[in-house]
Amino acid sequence: MTIESFKELSHEKKLLELKHHGEILGAYERRSENGDSKTPGDIFALYEFWVFLSEDEKMIIPTRRNPLHKEEE
Numbered sequence: 044m045t046i047e048s049f050k051e052l053s054h055e056k057k058l059l060e061l062k063h064h065g066e067i068l069g070a071y072e073r074r075s076e077n078g079d080s081k082t083p084g085d086i087f088a089l090y091e092f093w094v095f096l097s098e099d100e101k102m103i104i105p106t107r108r109n110p111l112h113k114e115e116e
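Every letter in the sequence shown is one number past the one before it in the numbering used here, and letter 30, counting from 1, is 73.
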């Protein structure tokens, strides 16, 4: 599955993909767009990309970059 096809899935299907094919990599706090707050959640490796899933499971954000790699530097 590509990141583009993942983006087209419904919210429920994205959760199922993470449950069945995702590998949890660890906790992560995602900054808001304006940088004034953070949303707690987890980072998953899924196929050839990564996905942020918020604790309340309302935010599912795929990315081509591993946000945990940047954090480790």
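The beta-carbon is built from N, C-alpha and C at its ideal position, and this holds for glycine as well.
Extent of the continuous beta strand (DSSP E) to which residue i belongs
i	result
glutamate 72	66-74
aspartate 85	81-89
Cβ-based burial, residue i [other Cβ within 10 Å; buried from 16]
i	result
lysine 56	exposed
glutamate 72	exposed
glycine 78	exposed
isoleucine 67	exposed
Inter-residue spacing [alpha-carbon to alpha-carbon] between residue i and residue j
i	j	result
glycine 84	alanine 70	6 Å
serine 110	serine 80	Note that residue 110 corresponds to proline in the displayed sequence, not to serine. Proline 110 and serine 80: Cα-Cα distance of roughly 17 Å.
glutamate 116	arginine 107	Only weak support exists for where glutamate 116 lies, its pLDDT of 44 falling under 50; the coordinates are left without a value.
glutamate 60	proline 105	12 Å
Run of the alpha helix (DSSP H) containing residue i, from where it starts to where it stops
i	result
serine 48	46-50
Beta-carbon separation (whole angstroms), residue i vs residue j, contact threshold 8 Å
i	j	result
histidine 54	isoleucine 103	7 Å
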